[in-house]
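Structure first, then comments.
In our numbering, the protein residues as written are 136 to 774.
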């Protein structure tokens, strides 16, 4: 029996290839559109001939793959304003660092900090001329009023703002926020100077959904204590803004952070709840598709209440397709449905491919589907409680096979006790979700009884205590794991060959598995050699401060003004290199590296005037008020 539908897999891989190619190498639009049309036409002819004569079937898969690559490139062009040069897009109409009168419709809240609040919005007009495109609207802290705090999606902003591009990262190994927002269709930013808010009286479908979510948030906040309300808002409505950062970090360290982002786990639990309610309904004849459509209605209702975020929509669409595969009673249809859902989402938005949640969601579901049935055969306990615990452990373990390399690449840490956290959190999550949904329904009617509130608060407190206990076992958390792109690719080769080995246990596949492991070890040894032999000096900037690091192999010296703790701006560098030996020093006057002297000059502008001190370079930590020409004459600069 075949494992997956080969044509669907070929189309999916081709589409992914086309998206990736266009993101790296940007061919001309004329080439992309012509090649797509030509390949679609020739593929249609090839397919028609293949249905008539067997000889024409040769090369059909290659033709399908090549066409899919061209289609992937085309949809990338259509979704990227900088590629297709859309004349209506604001990037073609606005000049950077200039002020405009803008009108925009709020999409969602992006962030709230001490410096201000940022919303994502659809730009409608600029200086009363029609325009379009998603833009960030930044409200500085001094402009924030109660009206700004009350902004909801579909509200309209009319404001004077300074248009700028989103700046690229200023430091090495810093998170590329510019690239991140570009992949969400946001290319610019407007700093709000003055504004007025126009409430949208003609509320559409999503506006009504947002009003309902605001009402449900108020129900939770009025009936539960602060800690419980913050977690319920996160788990049921996808609103994490009130969740304490310490609690969030504890879930990260315990390996249970996935439950705080509404995605596949939550949708899976909601599916199980709905199936439990539908178990009395026959699963034959007319009732079979009826069960499926009731299940779909319940899933999509939850998705909309949870905010219809990309992760929720992704999981709901994925479960909808997987449910369809089950409906048509095809054993291998589950994998086909998984691929079709991924194909469907990429056709809607090719930039989903670069979303970490997208990658982890599909990796986890595919890994569970493939490896869990095999692992379940290892041992089947007779006791139903032990069997349930064993099954829950195997689900978490099987998910990690494909997820682990991706997770290490992005997060550079691995909580060894993740399976313990899953054994603790998932059983508690189910009654919390069920009780939370009941509380929302009853609370909306104004009849929420206290026993439900009491039980839910105690369950949430218990879950937080257990997660905190697991997170505090520092010896079981491996941090700062260096995992580069070559390591990721070589580990994914192992996973791919392992998947083939599980399905086709042949000698050649066993050899390929051994070779893939040796390849990974070779990449790992080379990376370790590079780490131990590299010497480099980096300068990090944060506002008016400078941090200088000197790395010699695995030893890192950090020089900064404040020596109480390492500045967080260096953390990404430490994680990516896997550095464990770190020493913190006060910022010196002169720094020596690789037989060269570097003068570190602060705002005082003091420098040595003795010709005996040879200076190779000057690093300005701040902007001193000095005469540069005089300084050059006074300093003994090595030529």
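Ideal Cβ positions, reconstructed from N, Cα and C, are used throughout, including at glycine.
Looking at C-alpha atoms only, which residue of the options is the closest neighbour of residue i?
i	options	result
residue 179	193, 198, 188	198
residue 330	248, 299, 347, 295	295
residue 750	738, 761, 760, 724	724
residue 228	264, 494, 253	264
residue 218	732, 537, 165	165
residue 527	512, 275, 555, 366	555
residue 759	492, 739, 214	739
residue 648	577, 657, 231, 634	634
residue 604	539, 619, 689, 559	559
residue 701	256, 650, 422, 721	721
residue 291	257, 189, 311, 267	257
residue 212	656, 162, 147	162
residue 705	347, 308, 548, 452	308
residue 246	640, 312, 662, 207	312
residue 664	687, 762, 513, 379	687
residue 479	140, 147, 139, 545	147
residue 728	471, 415, 753, 707	753
residue 404	523, 695, 169, 567	567
Look at the alpha carbon of residue i and the alpha carbon of residue j, and state the distance between them as a whole number of angstroms.
i	j	result
residue 234	residue 316	22 Å
residue 285	residue 448	25 Å
residue 324	residue 303	13 Å
residue 455	residue 431	7 Å
residue 450	residue 586	32 Å
residue 469	residue 599	35 Å
residue 244	residue 288	8 Å
residue 334	residue 254	16 Å
residue 237	residue 262	6 Å
residue 670	residue 533	40 Å
residue 626	residue 714	21 Å
residue 239	residue 734	49 Å
residue 327	residue 271	10 Å
residue 350	residue 719	50 Å
residue 458	residue 274	44 Å
residue 588	residue 563	15 Å
residue 440	residue 545	29 Å
residue 578	residue 415	28 Å
residue 618	residue 514	34 Å
residue 442	residue 679	39 Å
residue 391	residue 607	13 Å
residue 346	residue 436	15 Å
residue 370	residue 582	22 Å
Can you tell me whether residue i is helix, strand or coil according to DSSP?
i	result
residue 736	strand
residue 752	strand
residue 393	helix
residue 673	strand
residue 716	strand
residue 255	strand
residue 401	helix
residue 244	strand
residue 731	strand
residue 323	strand
residue 585	helix
residue 667	helix
residue 546	helix
residue 224	strand
residue 693	strand
If the criterion is Cβ atoms closer than 8 Å, does the pair residue i and residue j meet it?
i	j	result
residue 411	residue 426	no
residue 385	residue 602	yes
residue 693	residue 684	yes
residue 553	residue 531	yes
residue 542	residue 495	yes
residue 383	residue 372	no
residue 621	residue 658	yes
residue 506	residue 637	yes
residue 592	residue 398	no
residue 321	residue 269	yes
residue 717	residue 756	no
residue 482	residue 488	no
residue 550	residue 630	no
residue 252	residue 260	no
residue 476	residue 453	yes
residue 141	residue 471	no
CB of residue i to nearest heavy atom of the ligand ATP: below 7 Å?
i	result
residue 318	No copy of the ligand ATP appears in this structure; indeed no ligand is present at all.
Does the segment 144–164 come close enough to the segment 199–217 to have 3 or more Cβ pairs within less than 8 Å?
-> For the pair of segments examined, the segment 144–164 was found to touch the segment 199–217: the number of CB pairs separated by less than 8 Å reaches three.
Touching by the beta-carbon criterion (3+ pairs, under 8 Å), the segment 210–226 and the segment 496–503 | These segments do not touch.
Does the count of Cβ pairs from the segment 268–286 and the segment 174–189 closer than 8 Å reach three?
-> Contact between the segment 268–286 and the segment 174–189 is absent, because fewer than three Cβ pairs lie under 8 Å.
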